[in-house]
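Chains as they are written, first to last, in my numbering: chain A, 869 to 1133; chain B, 869 to 1133.
Cβ coordinates follow ideal geometry from the N, Cα and C atoms, glycine included.
Notes to accompany the following structure.
Number of protein chains: 2
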Amino acid sequence: MENKKPLILISNDDGVSAKGINELIRFLRPLGDLVVMAPDSARSGNGCALTVNAPVHYRLVHQEEGLSVYQCSGTPTDCVKLARNTVLPREPDLVVAGINHGDNSAVNVHYSGTMGVVIEGCLNDIPSIGFSLDSHDPEADFTPCEPFVQEIVRKVLDAGLPPLTCLNVNMPAVADIRGIRVCAQARGNWVREWECCPRANGANYYWLTGEFVNHDPEDDTRDHWAIRQGYIAVTPTTVDMTAYDAMRRISELLATDPEAGFRGK
Amino acid sequence: MENKKPLILISNDDGVSAKGINELIRFLRPLGDLVVMAPDSARSGNGCALTVNAPVHYRLVHQEEGLSVYQCSGTPTDCVKLARNTVLPREPDLVVAGINHGDNSAVNVHYSGTMGVVIEGCLNDIPSIGFSLDSHDPEADFTPCEPFVQEIVRKVLDAGLPPLTCLNVNMPAVADIRGIRVCAQARGNWVREWECCPRANGANYYWLTGEFVNHDPEDDTRDHWAIRQGYIAVTPTTVDMTAYDAMRRISELLATDPEAGFRGK
Chain A
869 MENKKPLILI SNDDGVSAKG INELIRFLRP LGDLVVMAPD SARSGNGCAL
919 TVNAPVHYRL VHQEEGLSVY QCSGTPTDCV KLARNTVLPR EPDLVVAGIN
969 HGDNSAVNVH YSGTMGVVIE GCLNDIPSIG FSLDSHDPEA DFTPCEPFVQ
1019 EIVRKVLDAG LPPLTCLNVN MPAVADIRGI RVCAQARGNW VREWECCPRA
1069 NGANYYWLTG EFVNHDPEDD TRDHWAIRQG YIAVTPTTVD MTAYDAMRRI
1119 SELLATDPEA GFRGK
Chain B
869 MENKKPLILI SNDDGVSAKG INELIRFLRP LGDLVVMAPD SARSGNGCAL
919 TVNAPVHYRL VHQEEGLSVY QCSGTPTDCV KLARNTVLPR EPDLVVAGIN
969 HGDNSAVNVH YSGTMGVVIE GCLNDIPSIG FSLDSHDPEA DFTPCEPFVQ
1019 EIVRKVLDAG LPPLTCLNVN MPAVADIRGI RVCAQARGNW VREWECCPRA
1069 NGANYYWLTG EFVNHDPEDD TRDHWAIRQG YIAVTPTTVD MTAYDAMRRI
1119 SELLATDPEA GFRGK
């Protein structure tokens, strides 16, 4: 790696023309050679979705020294898979997603296309980080985040991340960020999720909407809380979804031979 | 619950007309009142994707005593959200997804629309189970699975599941199932994922394809292995993706005050 700049793959779920990804590109330009493969339009809420029933297409939209930008017809996860198999000269040293317009803390990790990018990188043993800003404003100010984004990326490029572990970084939309906290994923769920969408001669049309209800106690220190206190919340996130704590109990409940075979991590 | 049949919400990602979901309905008819809300067409690889840029629509397609079947224009996750907020008279006692045409063990948990259904149920504190058969044959024989599916559903209806924990059940496509094993999620990744799709006057069109490479040792006992040995693999799956084991290390690397606040489960 001496004499060679790190190779960083960037994607997002708001689409290649969103302000967030273009700010991210600006922040990371000094840190490596950047290859961007991002959806051609907004793909929010895509989770780890794949495109299986149609071909996926990409094309180069911008190129200069140390930066290539491709747009892709697929999902955020498709973008990572496609870039790794086509335009990248080698495995990237880092996958970075974002900066998302909107908070991806708590249960949103499951729905987030931003985290879809990150999980895909992680599943392929590439250190991977997703950045999100707690504002849906298309013209949100990302400037206060710049030094933090650069510091996190620099340190992860240097130290790597543990196996099967990626980072879900959620940032408050405030001028005075209080610092970085490492947090667990907040507990909670979405309520009042549908808004009726009347249609002439049709019934049962609904728009997805909703409010997140945090189930944590008020003095909790999980990610959703930390952002609201003005901290950047870094949630170490595993791609091994096994509920190890529950294995013994589930084995006693269901296994035909509860003593057979299973083991911990 | 005495004198009242359990209320079971069923969905899938292969669409309401797939053989797998209709077999599942047949298996579960004796066990409760069934409400089916399933996608109107195949939604494989949808993960936990949501429909955010268009309204979602549902309609009743079949009704008889103890069984209502709705089809929905949305994703598998949309189906659960929509059913809970519209057609269900109360929270269901159980969410069941499948039976999927194809294995959802190992890393496939992230891409699976079947598991998208299950994760959505679990995030709302409803015991939730996904069933998948290790065969993509649209006419696959699900009959050998019947007693196992019924037994697992009966036991979970009776005992519930631990908080934040759902089940990813993958079944071998064999006549003589050897039994049920409780397993961890196998390690591995997908390779050779794209097949070029030539198009007149166009370049860079690709179909998603690929092969899964299992990284576990040959004598491992994780889910992908167990299915191939003829066992039903039950993988207890958590919706809390926090990498608790990595929190201390990430905190020392990144937190501005590594001693502040964070706690374990």
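Which residues in the same chain have their Cβ closer than 6 angstroms to the Cβ of residue i, if we skip the five residues on either side of it in sequence?
| i | result |
| --- | --- |
| residue 913 (chain A) | 979 |
| residue 1052 (chain B) | 1090 |
| residue 934 (chain B) | 901 |
| residue 951 (chain A) | 877 and 905 |
| residue 1083 (chain B) | 1055 and 1056 |
| residue 1067 (chain B) | 1073 |
| residue 1071 (chain A) | none |
| residue 910 (chain B) | 882 and 883 |
| residue 872 (chain B) | none |
| residue 1002 (chain B) | 971, 1040, 1041 and 1095 |
| residue 1108 (chain B) | 1032 |
| residue 1092 (chain B) | 973, 974, 1054 and 1082 |
Which residue from the options puts its Cα closest to that of residue i?
| i | options | result |
| --- | --- | --- |
| residue 957 (chain B) | B:1128, B:874, B:983 and B:1058 | B:874 |
| residue 1112 (chain B) | A:915, A:1042 and A:1054 | A:1054 |
| residue 938 (chain B) | B:970, B:950 and B:904 | B:904 |
| residue 882 (chain A) | A:901, A:898, A:908 and A:1027 | A:908 |
| residue 1029 (chain B) | B:984, B:949, B:928 and B:996 | B:996 |
| residue 884 (chain A) | A:1021, A:977 and A:927 | A:927 |
| residue 1011 (chain A) | A:976, A:1126, A:899 and A:1044 | A:1044 |
| residue 948 (chain B) | B:930, B:992 and B:1042 | B:992 |
| residue 1102 (chain B) | A:1117, A:1106, A:931 and A:911 | A:1117 |
| residue 1081 (chain B) | B:932, B:1027, B:976 and B:1066 | B:976 |
| residue 897 (chain A) | A:911, A:953 and A:932 | A:932 |
Verify whether the separation of the beta carbon atoms of residue i and residue j is less than 8 angstroms.
| i | j | result |
| --- | --- | --- |
| residue 1056 (chain B) | residue 1099 (chain B) | no |
| residue 1060 (chain A) | residue 1079 (chain A) | yes |
| residue 1074 (chain A) | residue 1086 (chain A) | no |
| residue 943 (chain B) | residue 1076 (chain A) | no |
| residue 936 (chain B) | residue 955 (chain B) | yes |
| residue 1096 (chain B) | residue 899 (chain B) | no |
| residue 974 (chain B) | residue 1008 (chain B) | no |
| residue 1105 (chain B) | residue 1106 (chain A) | no |
| residue 1128 (chain A) | residue 915 (chain B) | no |
| residue 1020 (chain B) | residue 1025 (chain A) | no |
To which residues of the same chain is residue i closer than 7 angstroms at the C-beta, ignoring the five residues directly before and after it?
| i | result |
| --- | --- |
| residue 1004 (chain A) | 969 and 970 |
| residue 895 (chain A) | 1014, 1017 and 1018 |
| residue 869 (chain B) | Its pLDDT being 48, under 50, residue 869 (chain B) is placed unreliably by the model, and nothing is read from it. |
| residue 972 (chain A) | 980, 982, 983, 998, 1000, 1036 and 1038 |
| residue 1124 (chain A) | none |
| residue 1065 (chain B) | 1073, 1074 and 1075 |
| residue 946 (chain B) | 918, 919, 924 and 940 |
| residue 953 (chain B) | none |
So who's on the other strand from residue i, going by DSSP bridges?
| i | result |
| --- | --- |
| residue 968 (chain B) | B:1000 |
| residue 962 (chain B) | B:876 |
| residue 907 (chain A) | A:940 |
| residue 1079 (chain A) | A:1059 |
| residue 1109 (chain A) | DSSP lists no partner for residue 1109 (chain A). |
| residue 1067 (chain A) | A:1070 |
| residue 901 (chain B) | B:875 |
| residue 930 (chain A) | A:937 |
| residue 1104 (chain B) | B:1035 |
| residue 1117 (chain A) | DSSP output for residue 1117 (chain A) lists no bridge partner at all. |
What residues in its chain sit with their C-beta under 8 angstroms from that of residue i, if we drop five residues either side in the sequence?
| i | result |
| --- | --- |
| residue 880 (chain B) | 886, 888, 889, 892, 906, 907, 944, 965, 966, 967, 968, 981, 982 and 985 |
| residue 1120 (chain A) | 1126 |
| residue 1058 (chain A) | 975, 1078, 1079, 1080 and 1081 |
| residue 929 (chain A) | 884, 937, 938 and 939 |
| residue 1006 (chain A) | 886, 887 and 969 |
Is it the case that the region 1026-1045 of chain B contacts the region 923-942 of chain A, given that we only count it when at least three CB pairs across the two stretches are under 8 angstroms?
no
Counting Cβ pairs closer than 8 angstroms, one from the region 953-966 of chain B and one from the region 981-991 of chain B, do we hit at least three?
yes
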